[in-house]
Each structure stands twice: as structure tokens, then as C-alpha cells.
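Asker:
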Amino acid sequence: AATAAATATPGHDHVEAKTLTAKFQFVDLAGSEKVKASGAEGEQLSQAININHGLFVLGKVITALTDGNSHVPFRESKLTRMLQNSLGGNSKTCMIACVSPNDSSMAETISTLKY
Numbered sequence: 504a505a506t507a508a509a510t511a512t513p514g515h516d517h518v519e520a521k522t523l524t525a526k527f528q529f530v531d532l533a534g535s536e537k538v539k540a541s542g543a544e545g546e547q548l549s550q551a552i553n554i555n556h557g558l559f560v561l562g563k564v565i566t567a568l569t570d571g572n573s574h575v576p577f578r579e580s581k582l583t584r585m586l587q588n589s590l591g592g593n594s595k596t597c598m599i600a601c602v603s604p605n606d607s608s609m610a611e612t613i614s615t616l617k618y
């Protein structure tokens, strides 16, 4: 979505137009798929592998951006290619994590928070 706004400086005859562009992307990153534990086969196995690859590359991209690397591997996955404009440049990005207080979910919660 784009919004245009005009501003005038008192005592001057010209009006300056500025354009602000905003984009919202909501992406459910699912979770790291534990292939052995899930017993996934066939199409489910392929999807699990793709999810894991996308999350792995997203981690690499975030690390490269944080470290200020000259090369950021946006093109290594469909997920990071799609999110490239939201992750780089002057964008503001927010990640929301779903975690559980249950003892049985402790390892997954810690892994999510570390990510």
C-alpha cells in the first residue's frame, strides 16, 4: 500500500510531496520438522525437508545481515527470496514466537527462543 502526503513550508510557494510505502507480510514459519520423530514419508518427508531448509537459510540470512556481511544468501531458498525486501534495507521486521511453559516442550521452547 502507498500513501502520499503533501507538506507546505510557511512563506514559500512550493509544496513538497512525499510517498511512504508499506508492506506487511505475515508468514507462519511452522517449526523445525523432526523427520525421524515424525516418521514422515513421501510428500510429507519432502515438505519437512523444504521447511527445514527454508528455516536454515533464514538463519543464515539473519546472521549475515547482523554481521554486516557483503554477501547475504537470499537466493538460497524460496522463503528468503520472498522475504528479501522485508529483511534487508531500511525495513522493520518483527518475529513472534509461540512457546509453551510445559516441561514436555522445554527443549522445543529453548530452541525456538535461541532461533
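Just so you know, we're using my numbering here: the sequence shown kicks off at 504 and counts up by one.
Even for Gly, the Cβ is constructed at its ideal location relative to N, Cα and C.
#1: For ALA543, which residues from the same chain have a beta carbon less than 6 Å from its beta carbon, with the 5 sequence-adjacent residues on both sides left out?
#2: What is the rounded straight-line gap between the Cα of THR620 and the Cα of GLY592?
#3: How would you label VAL564, buried or exposed, when you count the other beta carbons within 10 angstroms and need 16 or more for buried?
#4: MET585: which of SER541, LEU561, GLU611, ALA610 sits nearest, CA to CA?
#5: Would you list, in sequence order, the uninterrupted alpha helix (DSSP H) runs of no fewer than 4 residues that lie entirely inside the region 570-617?
#6: Figure out for me which residue from ARG578, LEU558, LYS526, HIS574 has the closest Cα to the Cα of ALA477.
#7: Helix, strand or coil: how does DSSP classify LYS539 here?
#8: Taking buried to mean at least 16 other C-beta atoms within 10 Å of its own C-beta, is THR596 buried or exposed?
#9: Going by CA-CA distance only, name the one from LEU582, THR522, LEU590 that's closest to ASN553.
#10: What are the residues that DSSP puts in a beta bridge with THR566?
Answerer: Let me lay it out:
#1: ALA551
#2: In the structure as shown, the chain starts at 504 and stops at 618, and residue 620 therefore has no counterpart that could be examined.
#3: buried
#4: LEU561
#5: 581-590, 609-617
#6: Past the boundaries of the shown model lies residue 477; the chain is included only from 504 to 618, so the question cannot be answered.
#7: helix
#8: exposed
#9: LEU582
#10: In the DSSP output, where bridge partners are listed per residue, THR566 has none listed.
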